[in-house]
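Undergrad:
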Amino acid sequence: EVQLVESGGGLVQPGGSLRLSCAASGFIFSDHYMDWVRQAPGKGLEWVGHTRNKANSYTTEYAASVKGRFTISRDDSKNSLYLQMNSLKTEDTAVYYCAKGGGGRYYYYGMDVWGQGTTVTVSS
Amino acid sequence: QSVLTQPPSASGTPGQRVTISCSGSTSNIGSNTVNWYQQYPGTAPKLLIYTGTQRPSGVPDRFSGSKSVTSASLAISGLQSEDEADYYCAAWDDSLNGWVFGGGTKLTVL
Chain A
1 EVQLVESGGG LVQPGGSLRL SCAASGFIFS DHYMDWVRQA PGKGLEWVGH TRNKANSYTT
61 EYAASVKGRF TISRDDSKNS LYLQMNSLKT EDTAVYYCAK GGGGRYYYYG MDVWGQGTTV
121 TVSS
Chain B
125 QSVLTQPPSA SGTPGQRVTI SCSGSTSNIG SNTVNWYQQY PGTAPKLLIY TGTQRPSGVP
185 DRFSGSKSVT SASLAISGLQ SEDEADYYCA AWDDSLNGWV FGGGTKLTVL
């Protein structure tokens, strides 16, 4: 069974940093793209970015709203995904979900299985 | 303002068929496939339809997806009370080089 468990959320002041982690199990982690998606309180879903798989050289893409402030990385040896968030703003307050990329080593169709999410609150 | 446009709400009675629309542009729905997600309050989204028409295992065949040019639709037939949830469409956008979502549609089963 595919499982994704996020951790690392919490309260941080504007301008601060936070690192989220996502522990994956139940699938061949290195074969899959991995995404981060967030949801502000009472709002819809917003894609944050993703890291491609080993076959696609682990390249990354980011939403314009976080580019230059957030960094996505992965450690295939630990089946783990990370989101380093710097220069945090109040508008970054949200539940952050990690999601497994659907498809396989040479095919990706977007987010299929999602973790339960971790809450990040940016406030002074 | 979401890149993909969905109606904020939809409703139907048990047994009815309801459709939820998702309007985009040539850079997203017009060029790429669409996924649909279902989300209950306080829980993570769940993939309902991928690549426009495919259902993951475990998703009832009451749910179906379709696409026409730059719009997509999610149809739910034989509406049940447990279908009351928020529904989101998503597509890759070639201009933004990222995934874009609709604003979500809250489905109420009357």
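Residue numbers (our numbering), protein chains in the order written: chain A, 1 to 124; chain B, 125 to 234. Heads up, the beta-carbon is just placed ideally off N, CA and C, and yes, glycines get one too.
#1: Assuming Y108(A) is part of the beta strand (DSSP E), what are its boundary residues?
#2: Mind listing the chain A neighbours of Y211(B)? Cutoff is C-beta to C-beta under 9 angstroms, in chain order.
#3: Strictly below 9 angstroms CB to CB, what residues from chain A border N159(B)?
#4: According to DSSP, is T27(A) helix, strand or coil?
#5: Under a Cβ-count criterion, where at least 16 other Cβ atoms within 10 Å of its own Cβ denotes burial, should T229(B) be classed as buried or exposed?
#6: Per DSSP, what kind of secondary structure is N56(A) in: helix, strand or coil?
#7: Just verifying my parser: in three-state terms, what is the DSSP assignment at E46(A)?
#8: Note down, in chain order, each residue of its chain lying with its Cβ closer than 6 angstroms to the Cβ of Y212(B), except the 5 sequence neighbours on either side.
#9: With burial defined as no fewer than 16 other Cβ atoms inside 10 Å of the residue's Cβ, what is the status of K100(A): buried or exposed?
#10: Please state the DSSP three-state secondary structure of S133(B).
#11: Is Y109(A) closer than 7 angstroms to G102(A) when the C-beta atoms are compared?
#12: Hey, quick one: how far does the beta strand (DSSP E) through N159(B) stretch, first residue to last?
#13: Beta-carbon separation of G104(A) and D31(A) under 7 angstroms?
#14: Provide the residue span of the beta strand (DSSP E) that contains D76(A), from first to last.
#15: Can you have a look at N221(B) and say buried or exposed, based on whether 16 or more other CB atoms are within 10 angstroms of its CB?
#16: Using beta carbons (cut-off 7 angstroms, strictly below), is N221(B) in contact with chain A?
#17: For E91(A), which of helix, strand or coil comes out of DSSP?
#18: Under a Cβ-count criterion, where at least 16 other Cβ atoms within 10 Å of its own Cβ denotes burial, should N159(B) be classed as buried or exposed?
#19: Give the straight-line distance between the Cα atoms of G182(B) and A168(B), rounded to the nearest whole angstrom.
#20: Looking at the unbroken beta strand (DSSP E) that takes in R136(A), where does it start and where does it end?
TA: Concretely, from the data shown:
#1: 107-114
#2: By Cβ distance, chain A contributes nothing, its closest Cβ being about 11 angstroms from Y211(B), past 9 angstroms.
#3: G102, Y109, G110, M111, D112
#4: Note on residue identity: the sequence assigns Phe, not Thr, to residue 27(A). When secondary structure is reduced to three states using DSSP, F27(A) falls in the coil class, being assigned neither helix nor strand.
#5: By the neighbour-count criterion, in which 16 or more other beta carbons inside 10 Å mark a residue as buried, T229(B) falls on the buried side.
#6: Looking at N56(A) - three-state DSSP - the assignment turns out to be helix.
#7: strand
#8: Y161, F225, G226, G228
#9: buried
#10: strand
#11: With respect to the 7 angstroms criterion, G102(A) and Y109(A) are classified as neighbours on the basis of their beta carbons.
#12: In the DSSP annotation of this structure, the continuous segment of the beta strand (DSSP E) that includes N159(B) starts and ends at 158-163.
#13: Yes, the pair counts as a contact, with Cβ atoms nearer than the cut-off.
#14: Careful: D76(A) lies outside any beta strand (DSSP E) and carries neither H nor E.
#15: exposed
#16: Chain A has a Cβ within less than 7 angstroms of the Cβ of N221(B).
#17: helix
#18: buried
#19: 17 angstroms
#20: Only positions 1 to 124 of chain A appear in the structure, and residue 136(A) is not among them; the question remains open.
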